[in-house]
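Residue numbers (my numbering), protein chains in the order written: chain A, 5 to 392; chain B, 196 to 488. By construction, the Cβ of each residue, glycine as well, lies at the ideal position given by its N, Cα and C atoms.
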């Protein structure tokens, strides 16, 4: 502690250089902290989205491969199942917004309420969904994004089927993170048949709600056994697992980002090390005098290293605070901007804070150790000869 | 002690205020700089520095340069001595050995009862911090520290509290007459003032030995004499042993003993007398009015 004044004075010697170096370290810590929140943020998103009594049944070959629609009826007959609803990908593009697409599915309108009781869709809206063949129930996020209102009519062109359909928005999924657009399966089926096609004989995913969470695994095994040796063998999984797999592809992307961040941090170590070397070189005469008046190599090494670490850790703390501020701002913004919805799940946890601070200490140590050691290890007489 | 002060150089310009500040300030301090007139009287007359048959070689490629060759001398405790000689004579090498900055290749260097030959780099650093105060030609103050903190630097190596370190640094600055410059940074001080801060830094740990390397080399005549006056005052008032390396012929008027070196050899007898005479001539007789050769 007694050397703190000396360390502080030396850090203030070239304020611009200290600020720039600290800024670089702080920026690296901000980046790393934000990226470290991603895996936990995804888990949080899955927890919020997923139910522990709902399971997804899809083609074993992958979710993009369909199953015969008739399998839905078989699934509903399995003991322990409360209800099941099939989703078939519609791929609706909203032309008024430049062909944007969002998750839109053809569903059995009479099954939605019983499979998704946790979504708490008002009964009168579910009744309208049954009543109007062209009715649609839309997630709050999507409603807000396109400023749609209940009762409004919208036209979506399917990117999967050769149809363009008008919809009447009759209900809202009161969930900030639900982007879905549900439409009546019969409506799509009839539209296809009106074109002389076979109609909608397939299902993309069957969502099943079971009565007892303890029976989920047994029911999944039963369903998959039922489809064995059929043309579309199924793979059942819990809703949480389904979303986890869905986000799995993103995790590989996150890994790449983390690797890039690691490289950026390494660059910042080199920058900070270069700065520390310059600072030590500029002060060669002073360091020689300190040695001469009795500062041992250990003390000199310690104070120089401490300088680098104080600067880096201060910058690291600043970086952590900025990261916390950014995630708080995103959480706040997610409330009024639905497109930011998922980002609201990213929170800088105490573990991330600790990792951020440790990263900055590590950067400080790596950056400071070589020039500090170099300055300290030279014999005093050699240093004095070089300087005077 | 009063006689000692009175016997200072007649041409000295050290303000009387400096002595007054010392008498009223430093002595009133509970921290004593280390000079006890009665005890020092007993210690004077014993060698503080003993150098026996010292050699120091430098290697430049295949060449060996004898910076010092078989040098022997002793310096009495409480004396003010000067190492003089032309560039390359070995005086700075000798100073480095005496101050524990360097180690000899042969012979023995003993200072304050400690044989320095076999101490490690870190042991020498600790020894220097306790026994030696260094003054450099270019002052070499830390520009980002004020005068008080510059003087207090060597005290960081002790276990003293911050308050105590500050108090001792302020006392040392009062002794050199800079009690009103405590919070000034080096850039706001004149060359002479910076050198006085450097002397206060050398004094603050109450060392046995003060070693000054060309302390007047970067000063004008007025400040050079003030610095020499101050070094002499440290010897007279505190009984410090002062070793000064210098080209400055004025040193002859202040030093108790002058050691002349040439090409790594200590001049003795007639050679030394001739060297001193040459310096006196260079100074145009001013030295003859000095007090303490």
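Which residues of chain A have a Cβ atom closer than 7 angstroms to the Cβ of residue i, listed in chain order?
i             : result
residue 339/B : 13, 14, 16 and 17
residue 324/B : 297 and 298
residue 520/B : Limits of chain B in this structure are 196 at one end and 488 at the other, which puts residue 520/B out of reach.
residue 349/B : 297 and 298
Can you tell me which of the three DSSP states residue i falls into?
i             : result
residue 164/A : coil
residue 186/A : strand
residue 452/B : strand
residue 353/B : coil
residue 225/B : For residue 225/B, the pLDDT reaches just 35, beneath the cut-off of 50, and the residue's location in the model is therefore unreliable, although a value from the coordinates is still provided. DSSP places residue 225/B in coil when its eight states are reduced to three.
residue 338/B : coil
residue 331/B : coil
residue 404/B : strand
residue 305/B : strand
residue 233/A : coil
residue 396/A : Outside the shown range of chain A (5 to 392) lies residue 396/A, about which nothing can therefore be said.
residue 247/B : strand
residue 173/A : strand
residue 235/B : With a pLDDT of only 40 at residue 235/B, under the threshold of 50, the placement of this residue in the model should not be trusted, and no figure is reported.
residue 296/B : coil
residue 211/B : Residue placement at residue 211/B is poorly supported in this model, since its pLDDT is 43, which falls under 50; the coordinates still yield a value, given next. Note: residue 211/B maps to helix in three-state DSSP.
residue 152/A : coil
residue 265/B : strand
residue 20/A  : helix
residue 383/A : coil
residue 209/A : strand
residue 371/B : coil
residue 217/B : Low per-residue confidence applies at residue 217/B: pLDDT is 49, beneath 50, and the placement is therefore not dependable enough to give any value.
residue 279/A : helix
When you compare only the Cα positions, how much space is there between residue i and residue j?
i             : j             : result
residue 383/B : residue 18/A  : 18 angstroms
residue 377/B : residue 342/B : 5 angstroms
residue 229/B : residue 270/B : At residue 229/B the pLDDT is 38, less than 50, meaning the model places this residue with poor confidence; the figure from the coordinates comes in the next sentence. If I take the Cα positions, the gap works out to 19 angstroms.
residue 395/B : residue 334/B : 11 angstroms
residue 147/A : residue 358/A : 39 angstroms
residue 257/B : residue 25/A  : 44 angstroms
residue 388/B : residue 373/B : 8 angstroms
residue 326/A : residue 294/A : 38 angstroms
residue 320/B : residue 268/B : 24 angstroms
residue 81/A  : residue 42/A  : 40 angstroms
residue 215/A : residue 132/A : 27 angstroms
residue 347/B : residue 364/B : 5 angstroms
residue 397/B : residue 453/B : 22 angstroms
residue 68/A  : residue 206/A : 12 angstroms
residue 87/A  : residue 237/A : 21 angstroms
residue 363/A : residue 324/A : 11 angstroms
residue 336/B : residue 381/B : 7 angstroms
residue 433/B : residue 422/B : 16 angstroms
Opposite residue i in the DSSP bridges: which residues?
i             : result
residue 11/A  : None; residue 11/A has no bridge partner.
residue 223/A : For residue 223/A, which the question treats as bridged, DSSP gives no partner whatsoever.
residue 253/B : 260/B
residue 42/A  : Paired residues: none, contrary to the question.
residue 279/B : 441/B and 455/B
residue 141/A : 175/A and 186/A
residue 242/A : 59/A
residue 242/B : 271/B
residue 461/B : 456/B
residue 310/B : 305/B
residue 214/A : 85/A
At 8 angstroms on the CB atoms, spell out the chain E contacts of residue i, in chain order.
i             : result
residue 413/B : Chain labels in this structure do not include chain E; the protein chains are A and B.
Going along chain B, which residues have a C-beta under 7 angstroms from residue i?
i             : result
residue 9/A   : 344
residue 21/A  : Going along chain B, no residue has its Cβ under 7 angstroms from residue 21/A, so there is no contact; the nearest lies around 13 angstroms.
residue 289/A : 335
In chain B, which residues lie less than 9 angstroms from residue i when you measure between Cβ atoms?
i             : result
residue 285/A : Going along chain B, no residue has its Cβ under 9 angstroms from residue 285/A, so there is no contact; the nearest lies around 16 angstroms.
residue 332/A : The contacting residues do not exist; residue 332/A stays about 37 angstroms from chain B at best.
residue 390/A : Correct list: empty, because the minimum Cβ distance to chain B is about 13 angstroms.
residue 151/A : Within 9 angstroms Cβ-Cβ: nothing; residue 151/A doesn't reach chain B, min ~60 angstroms.
I want to verify the contact list: residues of chain A whose CB lies under 8 angstroms from the CB of residue i, in sequence order.
i             : result
residue 268/B : Ordered by position in chain A, no residue passes the 8 angstroms Cβ test against residue 268/B, which lies about 20 angstroms from the chain.
residue 317/B : 300, 301 and 302
Name, please, each residue of chain A whose Cβ falls closer than 9 angstroms to the Cβ of residue i.
i             : result
residue 489/B : Chain B is shown from 196 up to 488; residue 489/B falls before or after that span and cannot be answered.
residue 262/B : By Cβ distance, chain A contributes nothing, its closest Cβ being about 11 angstroms from residue 262/B, past 9 angstroms.
Length-filtered (3 minimum) beta strand (DSSP E) runs lying within the stretch 53–131 of chain A: 58–63, 85–93, 96–98 and 108–111
Report the residue ranges of all alpha helix (DSSP H) runs contained in full by the stretch 293–359 of chain A; include only those spanning at least 4 residues, in chain order. 301–340
Can you list, in chain order, the stretches of the alpha helix (DSSP H) that have 4 or more residues and sit fully within the stretch 408–440 of chain B? Entirely contained in the stretch 408–440 of chain B, the alpha helix (DSSP H) runs reaching 4 residues are, in chain order, 416–433.
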